[in-house]
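K.L.:
Dropping a structure here in structure tokens format, bear with me for questions.
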Amino acid sequence: MVLAIHGAQVIDGTRADPVPDGAVVLDGDRVTQIGRISTLRLPAGTEIVEAGGTVLPGLVNAHTHCSIIPGLGDQTGQMRQPPLPSGFRAVGNMRRELLSGVTTARIMGEEHHLDIEMRRAIDAGVIPGPRLLCCGIHLTSAHGHGRALTTTDGVEGVRQRVRQNIAAGADWIKLFITGGVSSVGASLEAYTYTREEIRAACEEAHRAGRKVAAHAHGGPGVRVALEEGVDTVEHGALLTGDDVDLMKRLGRFLVCTFAILYHPEGIEKTDRHNPAIWTKVTALREQEEARFREILRSGVRYAVGTDSMHGLLWFEIATLVRFGVPPLDAVRAGTAWAAEACGISDRVGTLEPGKLADILAVDGDPLRDVESLRRPRVVMKGGRRFDRLSDD
Ligand SMILES: [Zn+2]
């Protein structure tokens, strides 16, 4: 079945200018042509979907989780729950992601291998959700951030956990290097794994062809993690100029997560009553904007993720624009660049012949009004339309 998604313009996610009066043609699950609709060779019987505004690649959420709803508070406490309540939250969350236009998401840590089970259910068509990249059980030490039910310590422990995750079906490995905002434990600049443990994780993962994501805000742990081979730095709110220079030299991606910190449904909704967490949030908000403006101008590669703020990838892209990123680059940070950061740019992230037909069409022009990304009209994953699921 050949379909053409036609809009006032097509943003293909590459460097190219938007194509006015453009269409994306797909056959089955693949894109076959893109261009001004009048110049395309449409086979007889092509069904044309009038999408109205802007057609762009399906969004890629480079950092999120399945089971967490930040507004409920105590995020690691939510991860400590048994599979059933966590799974119920995850079903709603994954549906919301897909309906918001996120067609691929990289899941950065779940207990019970819940992400891998979700991926199986989504791929089998049991529940709607984005295409998932999974890391299985995240690795954190006995005193690390993000510890819920499972902790992993020592070089041998780390090797074993990485191997178990890969055996269970993990695409990525996630390491918690420094403290985080949503817990009362380690500071954002203390690091909780040794150089040897980080090296062991990277060595095991890379030998099996998997990449490693490092939760790291700042402090000396960032450099150690980069030197030992981690592929992406998550959050990075306190990165120094030296850290950023090292990332540029090594070609590593920073994955920014803004909504959890700035959006009213994020950490502030319930955890503002916890003084240990609230002090971190207010201090970070003061520092982060100026620092990120500098980081984003530095030439370091970056992408965005919602860190459990399901359905809010548009907010991440809008925050980039607020921090001075040109709108087309901000859109690419949530599509093409996010796909590159996740290691899947051969399949998704741009609209090009041969790539998967992951397509989002929105009302309006996100390059003039970034909030138009909040108004999806067509959501397609692998050539299948999901926007009609929407009942809210
Ligand atoms: Zn996270």
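The opening position of the sequence shown corresponds to residue 1 in UniProt numbering, with each subsequent residue numbered one higher. The C-beta atom is built at its ideal place from N, Cα and C for all residues, glycine as well.
Could you check where the beta strand (DSSP E) with V348 kicks off and where it finishes?
P.N.:
Here V348 belongs to no beta strand (DSSP E), and DSSP marks it neither H nor E.
K.L.:
Let's see if you can read the secondary structure: which residues bound the beta strand (DSSP E) around A44?
P.N.:
That residue, A44, is in no beta strand (DSSP E); it is neither H nor E in DSSP.
K.L.:
For the alpha helix (DSSP H) containing K211, name the first residue and the last one.
P.N.:
No alpha helix (DSSP H) holds K211; the beta strand (DSSP E) holding it covers 211-218.
K.L.:
Ligand 1 heavy atoms versus the CB of M108: any closer than 7 Å?
P.N.:
yes
K.L.:
Nearest-angstrom Cα distance between D17 and R347?
P.N.:
21 Å
K.L.:
In this structure, does DSSP put F88 in helix, strand or coil?
P.N.:
helix
K.L.:
Helix, strand or coil for P128 per DSSP?
P.N.:
coil
K.L.:
Compute the Euclidean distance between the alpha carbons of A190 and E289, then round it to the nearest angstrom.
P.N.:
21 Å
K.L.:
If contacts are defined as beta-carbon pairs under 8 Å, then G73 and T270 qualify, I think. What distance do you get, rounded to the angstrom?
P.N.:
3 Å
K.L.:
From N274 to I295, what does the alpha carbon distance come to, in whole angstroms?
P.N.:
Distance between the alpha carbons of N274 and I295: 30 Å.
K.L.:
According to the neighbour-count rule (16 or more other Cβ atoms, all chains shown, within 10 Å of its Cβ), is V378 buried or exposed?
P.N.:
buried
K.L.:
Going along the chain, which unbroken runs of the beta strand (DSSP E) with 3 or more residues stay wholly within the segment 94-156?
P.N.:
Runs of the beta strand (DSSP E) inside the segment 94-156: 102-107, 131-134.
K.L.:
Assuming contact is defined by CB atoms lying nearer than 8 Å, are C134 and R119 in contact in what I supplied?
P.N.:
Yes, they are a contact pair.
K.L.:
Verify the contact flag: H217, CB atom, against every heavy atom of ligand 1, threshold strictly below 7 Å.
P.N.:
no
K.L.:
Give the C-beta separation of L356 and D29 to the nearest angstrom, bearing in mind that I take them to be a contact with Cβ-Cβ under 8 Å.
P.N.:
6 Å
K.L.:
Suppose you measure from the CA of S38 to the CA of A44; what does that come to, to the nearest Å?
P.N.:
Across the structure, S38 and A44 are spaced so that their CA atoms are roughly 15 Å apart.
K.L.:
Does the beta-carbon distance from V362 to L373 come in below 8 Å?
P.N.:
yes
K.L.:
For R293, which residues of its own chain have a beta-carbon under 6 Å away from its beta-carbon, when the five flanking residues on both sides are left out?
P.N.:
F323, G324
K.L.:
I want to check one thing, is the minimum distance from the CB of H145 to the heavy atoms of ligand 1 below 7 Å?
P.N.:
no
K.L.:
Could you tell me the alpha carbon to alpha carbon distance between A23 and T103, rounded to whole angstroms?
P.N.:
Cα to Cα, the separation comes out at about 19 Å.
K.L.:
If you follow the beta strand (DSSP E) that L254 is part of, which residue opens it and which one closes it?
P.N.:
253-256
K.L.:
My output table needs one value for K280: the three-state DSSP class, helix, strand or coil.
P.N.:
When secondary structure is reduced to three states using DSSP, K280 falls in the helix class.
K.L.:
Alpha carbons only, please: which of G354, F315, V158, R297 is nearest the one belonging to P326?
P.N.:
R297
K.L.:
Please report the residue range of the beta strand (DSSP E) in which H6 lies.
P.N.:
2-10
K.L.:
Regarding D307 and ligand 1, is the C-beta to nearest heavy atom distance less than 7 Å?
P.N.:
yes
K.L.:
Check each candidate in L328, E234, Q164, T64 and name the one with the smallest Cα separation from R368.
P.N.:
L328
K.L.:
With a 10 Å radius around its C-beta and 16 neighbouring C-beta atoms as the bar for buried, classify D392 as buried or exposed.
P.N.:
Confidence at D392 is low in this model, with a pLDDT of 49, below 50, so its placement is unreliable and the value that follows should be read with caution. Result: exposed.
K.L.:
Is there at least one non-hydrogen atom of ligand 1 closer than 7 Å to the beta-carbon of H63?
P.N.:
yes
K.L.:
Here's the rule: buried if 16 or more other CB atoms are within 10 angstroms of the residue's CB, otherwise exposed. What is Q75?
P.N.:
buried
K.L.:
In terms of residues, what are the limits of the beta strand (DSSP E) holding A23?
P.N.:
22-27
K.L.:
Counting along the chain, where does the alpha helix (DSSP H) carrying R301 start and finish?
P.N.:
From DSSP, R301 is part of no alpha helix (DSSP H) but of the beta strand (DSSP E) over 301-304.
K.L.:
Q81 by DSSP, collapsed to three states: which one?
P.N.:
coil
K.L.:
Output yes or no for whether 8 Å exceeds the beta carbon distance between V224 and V233.
P.N.:
no
K.L.:
Between which two residues does the beta strand (DSSP E) containing residue 393 stretch?
P.N.:
Past the boundaries of the shown model lies residue 393; the chain is included only from 1 to 392, so the question cannot be answered.
K.L.:
Taking the beta carbon of E1 as the centre, do at least 16 other beta carbons fall within 10 Å, making it buried, or is it exposed?
P.N.:
According to the sequence provided, residue 1 is Met. The question's Glu does not apply to it. The residue is exposed, with fewer than 16 neighbouring Cβ atoms inside 10 Å.
K.L.:
Under a three-way DSSP split, which group does M247 fall into?
P.N.:
helix
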